[in-house]
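**Student:**
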Amino acid sequence: MIEYPDADRLMAGDLGMWLQEQAQTRADAIAQSWDRVWKAGMVLLPLAAFFLILVPFELGPKLWLCAIAFGGAWVWTQGPKREAKKRVKTGINEAIAGALGLQYHHDCEDSEAFETARAFALLPKHQKSDFEDLWEGETAGHAFTLHEAHLQERRGSGKNRRWVTVFRGAIVAIQFDQPFHGTTLLARNGQFKRFFGGSKDSIKLDGIELQRADMVSPQFEDRYDVYTSDPTEARWLIHPEYVERLMSLEHAFKGKNSAVVFTGGRMVLALESGNQFESGSLDPGADRAMVAQTIGQFSRIADLALTLNRIRPAEG
C-alpha cells in the first residue's frame, strides 16, 4: 500500500504557509472580479437597452446577440477568480504529488495511455478532447500516470447543434511487475453487439484479434464482457477482487462505464468519475478540507490501480 500524506501535516508545513500568503491574492482577485462586473454593467446595460428598443431588427436575434454579449462579459469578469483558483489548486496538488514522489502538472496534452484507451475502445467516440491534472512518476515501485480527460461529441442540427460531454474522468496507466503474454480487455457489457443481439464472439482492436471469454465470477457478467488473446492469462488478470473494487470505485465517484485493458506489460484504466482534484478555492477557510478531499480522490484511484499487482494466479 502507498503511504499517503496527511492533510494536517501538509497544512502545518510549507504548503500551509504558502496558502496563507495566497489569502490576500484571493481577496484581490474577488475584488478585481467585482470591479469588472461593475465596468461591464456600466457599458453593456445602456448599449443593450439602446439595441433592444431602438434598433429596427427582429426581437429573437436581438435577444440572442445580447445573451452572447453578456455571456462573454461574464467570462471576462470571472477571469481573476479563475486564475486565483488555478494557482491555489496547482500549489496544493504539487505539494501532494511531491509528498508522494510524483510530479503534478495542471495543464497537459493527451498521453500514450489515452491513445491506448482510445485504440482499445475504452472511451466513447468524440470530436473534441481536453486534458488536465497530470500526475506522473513512480508509485509503489511502478511507473504510474494519471490525468483527466473531458471528451465531447457534436450532436443535433441547426439551432440545436451543440457539444455534449460523453466522458469526463480519469485515464490511469500503471506498469506491472511482470509482462503480459497477451492482451485482455474488460469492456462494458454489450459494448460490442452482434447484429442480431448479444455480444460478439470476437473483435479486432489495434490490429489484435480478441476472443470473448467467460467472466471468472458470474455475478459480474451483466456489467462487463471480457475479450482476450490469452484466455488462461485473462482468468487471473480479471480477478473477482479487482472487479469488485472497480465497481466500488465507480460507486464512490458516482461514475459509470469504466473499462480496462491489459497490454504491453501495463494496465490502462478509463474511469468515468467526473471532474476530480479541484482543490482550488477562494475561501482560505476551506483549504484544509480541499487538501484532504484531493488526497482521498487520488488514493482511491491509485490503490485500485495497484490492486492487481498484489494478486497472483492461483497455485496449481
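Quick note: the sequence shown uses our numbering, first residue 21, plus one each step. For each residue, glycine too, the CB sits at the ideal point set by N, CA and C. Model, not experiment: these values are computed from the prediction.
Are the CB atoms of residue 25 and residue 83 within a distance shorter than 8 angstroms?
**Tutor:** The residue labelled residue 83 in the question sits at position 63 within the sequence shown. The residue labelled residue 25 in the question sits at position 5 within the sequence shown. Not closer than 8 angstroms, so no.
**Student:** Return the chain-ordered list of same chain residues with a C-beta closer than 6 angstroms to the C-beta of residue 163, the five sequence neighbours on each side being excluded.
**Tutor:** The sequence position of residue 163 within the sequence shown is 143, counting from 1. For residue 163, where only same-chain residues beyond five positions count, the Cβ hits under 6 angstroms are 195.
**Student:** Hey, residue 190 and residue 293: beta-carbon distance below 8 angstroms or not?
**Tutor:** Along the sequence shown, read from residue 1 onward, the residue named residue 190 stands at position 170. Along the sequence shown, read from residue 1 onward, the residue named residue 293 stands at position 273. Contact: yes.
**Student:** Based on the DSSP output, what are the partners of residue 195 in its beta bridges?
**Tutor:** What you label residue 195 is simply residue 175 of the sequence shown in a count that begins at 1. Per DSSP, 286.
**Student:** For residue 172, which of 151, 156, 179 has the nearest alpha-carbon?
**Tutor:** Counted from its first residue, the sequence shown places residue 172 at position 152. Looking at the Cα atoms, 151 is the closest of the given residues.
**Student:** Based on Cα-Cα distance, which residue from 259, 169, 321 lies nearest to residue 185?
**Tutor:** Along the sequence shown, one-based indexing puts residue 185 at 165. The candidate whose alpha carbon is nearest that of residue 185 is 169.
**Student:** With a threshold of 7 angstroms (Cβ to nearest heavy atom), would residue 158 be considered close to the ligand ATP?
**Tutor:** With respect to the ligand ATP, the structure shown offers nothing to examine, as it has no ligands at all.
**Student:** With a threshold of 8 angstroms, are at least 3 pairs of Cβ atoms found where one atom belongs to the segment 176-183 and the other to the segment 126-142?
**Tutor:** Contact between the segment 176-183 and the segment 126-142 is absent, because fewer than three Cβ pairs lie under 8 angstroms.
**Student:** Using beta-carbon positions only, say whether residue 133 and residue 165 come within less than 8 angstroms of one another.
**Tutor:** The sequence position of residue 133 within the sequence shown is 113, counting from 1. The sequence position of residue 165 within the sequence shown is 145, counting from 1. Cβ atoms of residue 133 and residue 165: closer than 8 angstroms.
**Student:** By the three-class DSSP mapping on this structure, what secondary structure does residue 222 have?
**Tutor:** Locating residue 222 in the sequence shown gives position 202, where the first residue counts as 1. Three-state result, residue 222: strand.
**Student:** Alpha carbon to alpha carbon, how far is residue 368 from residue 153?
**Tutor:** No statement about residue 368 is possible, as the shown extent of the chain runs from 21 to 336 and does not include it.
**Student:** Taking contact to mean 3 or more Cβ pairs, one atom from each stretch, closer than 8 angstroms, check whether the segment 299-307 and the segment 44-51 are in contact.
**Tutor:** Cβ pair count under 8 angstroms is three or more, so yes.
**Student:** Roughly how far, in whole angstroms, is the beta-carbon of residue 288 from the beta-carbon of residue 30, given that I think they are within contact range, below 8 angstroms?
**Tutor:** Sequence index remark: in the sequence shown, residue 288 carries index 268 (1-based). Sequence index remark: in the sequence shown, residue 30 carries index 10 (1-based). The Cβ separation is near 30 angstroms, so there is no contact.
**Student:** Could you round the C-beta distance between residue 205 and residue 248 to whole angstroms and report it? I think they count as a contact, below 8 angstroms.
**Tutor:** Position 185 of the sequence shown holds residue 205. Position 228 of the sequence shown holds residue 248. Correct: roughly 7 angstroms between the Cβ atoms.
**Student:** Cutting at 7 angstroms between CB atoms, please list the residues of its own chain near residue 64, excluding the five before and the five after it.
**Tutor:** Here the question's residue 64 lines up with position 44 in the sequence shown. Only 89, 90, 93 meet the Cβ criterion.
**Student:** What do you get for residue 78, buried or exposed, if any count of 16 or more other CB atoms within 10 angstroms of its CB means buried?
**Tutor:** Within the sequence shown, residue 78 is the residue found at index 58, counting from 1. Burial call: exposed.
**Student:** Look at the alpha carbon of residue 253 and the alpha carbon of residue 215, and state the distance between them as a whole number of angstroms.
**Tutor:** Here residue 253 is taken as the residue at index 233 of the sequence shown, counted from 1. Here residue 215 is taken as the residue at index 195 of the sequence shown, counted from 1. Looking at the two C-alpha atoms, the distance is approximately 29 angstroms.
**Student:** Report the rounded CA-to-CA distance for residue 37 versus residue 228, giving the unit in angstroms.
**Tutor:** Residue 37 sits at position 17 when you count from the first residue of the sequence shown. Residue 228 sits at position 208 when you count from the first residue of the sequence shown. Using only the alpha carbons, I get a separation of about 53 angstroms.
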